[in-house]
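Engineer: The sequence shown begins at 153 in my numbering and counts up one residue at a time.
Positions of the beta carbon are idealized from the N, C-alpha and C atoms, including for glycine.
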Amino acid sequence: MRPLFYRFIFIFLISYSVSAQIVNVESLRKVTDTSGWSGAASVNFALKRNVNDFLTLSNNIHVQYKMNKHLVLFKNDIEFQKIEGARLENSGISHIRYNYRFHPRIAWEVFIQGQYNKVSLIDFRGLVGTGPRFKLSNLENYKFYLGTLAMYEYEEISDGVTPIQRTLRGSIYLSFSLYPTERISLVSTTYYQPRFSAFNDYRISSQSSLLIDLFKNFAFKTSYTFTYDAFPAVGIPNSQYDFTTGIAYTFD
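1. Alpha carbon to alpha carbon, how far is residue 287 from residue 317? Give it in angstroms, no decimals.
2. Pop quiz: residue 362 and residue 374 are said to be a contact at Cβ under 8 Å. What is the actual Cβ separation, rounded to whole angstroms?
3. Taking just the CA atoms, how far does residue 263 sit from residue 245?
4. Would the stretch 250-269 count as touching the stretch 283-299 if we require 3 or more Cβ pairs under 8 Å?
5. In terms of DSSP beta bridges, what is residue 365 paired with?
6. Between residue 279 and residue 388, is the Cβ-Cβ spacing less than 9 Å?
7. Among 337, 325, 269 and 331, which residue has its Cα nearest to the Cα of residue 308?
8. Figure out for me which residue from 339, 352 and 371 has the closest Cα to the Cα of residue 321.
9. How about residue 355: is its C-beta nearer than 9 Å to some C-beta of chain C?
10. Can you tell me where the beta strand (DSSP E) with residue 332 in it begins and where it stops?
11. Taking the straight line between their C-alpha atoms, what separation do you get for residue 235 and residue 355?
12. What span of residues does the beta strand (DSSP E) with residue 300 cover, start to end?
13. Where DSSP assigns a beta bridge to residue 262, which residues make up the other side?
14. Could you name the residues of the same chain whose beta carbon sits closer than 6 Å to that of residue 226, not counting the 5 residues immediately before and after it, in chain order?
15. Apply the 10 Å Cβ neighbour rule to residue 292 and answer buried if 16 or more other Cβ atoms are within range, or exposed otherwise.
16. What is the C-beta distance between residue 344 and residue 324, in whole angstroms, given that I count them as a contact (C-beta under 8 Å)?
17. Which residues in the same chain have their Cβ closer than 6 Å to the Cβ of residue 329, if we skip the five residues on either side of it in sequence?
18. In or out: residue 334 buried (at least 16 other Cβ within 10 Å) or exposed?
19. With a CB to CB cut of under 7 Å and the five nearest residues on each side skipped, what residues in its chain are close to residue 243?
20. To the nearest angstrom, report how far apart residue 251 and residue 223 are at their CA atoms.
21. Going by C-alpha distance, which of 192, 233 and 218 is nearest residue 207?
22. Out of curiosity, what's the CA-to-CA distance linking residue 276 and residue 209?
23. Taking the CB atoms as reference points, tell me whether residue 342 and residue 327 lie closer together than 9 Å.
24. To which residues of the same chain is residue 336 closer than 6 Å at the C-beta, ignoring the five residues directly before and after it?
25. Could you work out which residue in 190, 384 and 358 is closest to residue 312 when comparing CA atoms only?
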């Protein structure tokens, strides 16, 4: 049986979440030797009550096309969040990435991304970047990758203080995918994105996902994401996190 991350995944989750601002593209990749289309779609519902009531509804679509040395990834996520006593807020991310593998261990990446997040006061953030991606291991069940990209960022913040930002940043990531058994998959990626003109202005994001096959077409999935922004919008915390757990239905 192929590792579960190689298939389509359709997931219904009940969770507590805070939206991350760095897209983990590694979680979207379907590692396969065959050409053609693959992808995933999910509808997520989250409800939590502590001091306030939180209601979150999100839709995620991930599509991949592979042909020989070429790989194209597309991601589109939309989330609606309602906090007790406040109006409905929403966020969205669209991401397109192209890989060309010109060496068995090296690929060149180009990406473009647009996003907004009303909760985090991001009216718009646009990114375009490029750089090499290195395959660090040839082991079939234990895969390690390193990416070293540069990107241009345009950002509009609605905190009434921060001016429009036009910056150059690095986007360095280390990723590993482990398949210790046919029933277990673990994928983890950590991103570091410093501003070239001021290295104290940086973002860090780390995401780990565990998928355990329960029985045919069903699996237990849990994911944890932590993000840190050294200079977020005024009134927004430096660190945010996202935790989801639930049952996944997988299909080819």
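Structural biologist: Judging by the given coordinates:
1. As a working mapping, residue 317 is identified with position 165 in the sequence shown. As a working mapping, residue 287 is identified with position 135 in the sequence shown. About 33 Å.
2. Counting from one through the sequence shown, the residue named residue 362 turns up at place 210. Counting from one through the sequence shown, the residue named residue 374 turns up at place 222. About 5 Å separates the two Cβ atoms, so the contact holds.
3. Position 93 of the sequence shown, counting from 1, holds the residue named residue 245. Position 111 of the sequence shown, counting from 1, holds the residue named residue 263. Cα-Cα distance, rounded: 13 Å.
4. yes
5. If you number the sequence shown from 1, residue 365 lands on position 213. DSSP, once it has assigned bridges, lists 371 as partnering residue 365.
6. The sequence position of residue 279 within the sequence shown is 127, counting from 1. The sequence position of residue 388 within the sequence shown is 236, counting from 1. Result no, Cβ atoms of residue 279 and residue 388 do not sit closer than 9 Å.
7. As a first step, residue 308 must be located in the sequence shown, where it is residue number 156. Among 337, 325, 269 and 331, the Cα nearest to that of residue 308 is on 269.
8. Stepping through the sequence shown from its first residue, residue 321 is reached at position 169. Per the Cα distances, 352.
9. Within the model displayed, chain C is absent; a lone protein chain is all it includes.
10. Along the sequence shown, read from residue 1 onward, the residue named residue 332 stands at position 180. Its beta strand (DSSP E) spans residues 317-333.
11. One-based indexing of the sequence shown puts residue 235 at position 83. One-based indexing of the sequence shown puts residue 355 at position 203. Distance between the alpha carbons of residue 235 and residue 355: 26 Å.
12. Taking the first residue of the sequence shown as 1, we reach residue 300 at position 148. Element bounds for residue 300: 294-309.
13. The sequence position of residue 262 within the sequence shown is 110, counting from 1. 250 and 282.
14. Translated into positions along the sequence shown, residue 226 becomes position 74. If we look at residue 226 and ignore the five residues flanking it on each side, its Cβ neighbours are 215 and 248.
15. Your numbering for residue 292 matches position 140 in the sequence shown. Exposed, since its Cβ has fewer than 16 Cβ neighbours within 10 Å.
16. Start at 1 with the first residue of the sequence shown, and residue 344 comes out as number 192. Start at 1 with the first residue of the sequence shown, and residue 324 comes out as number 172. Residue 344 to residue 324, Cβ: 5 Å. Contact.
17. Counted from its first residue, the sequence shown places residue 329 at position 177. Here the set comprises 295 and 339.
18. On the sequence shown, position 182 is the one that residue 334 refers to. That one is exposed.
19. Sequence index remark: in the sequence shown, residue 243 carries index 91 (1-based). Same-chain partners within the cutoff: 171, 231, 268, 269, 270 and 271.
20. Here the question's residue 251 lines up with position 99 in the sequence shown. Here the question's residue 223 lines up with position 71 in the sequence shown. When rounded, the distance between both Cα atoms is 5 Å.
21. Position 55 of the sequence shown holds residue 207. Among 192, 233 and 218, the Cα nearest to that of residue 207 belongs to 233.
22. As a working mapping, residue 276 is identified with position 124 in the sequence shown. As a working mapping, residue 209 is identified with position 57 in the sequence shown. One C-alpha to the other measures close to 21 Å.
23. Counting from 1 along the sequence shown, the entry for residue 342 is found at position 190. Counting from 1 along the sequence shown, the entry for residue 327 is found at position 175. Yes, the pair counts as a contact, with Cβ atoms nearer than the cut-off.
24. Position 184 of the sequence shown, counted from the first residue, corresponds to residue 336. Within the same chain, residue 336 has close Cβ partners 364.
25. Within the sequence shown, residue 312 is the residue found at index 160, counting from 1. It is 384 whose Cα lies nearest to the Cα of residue 312.
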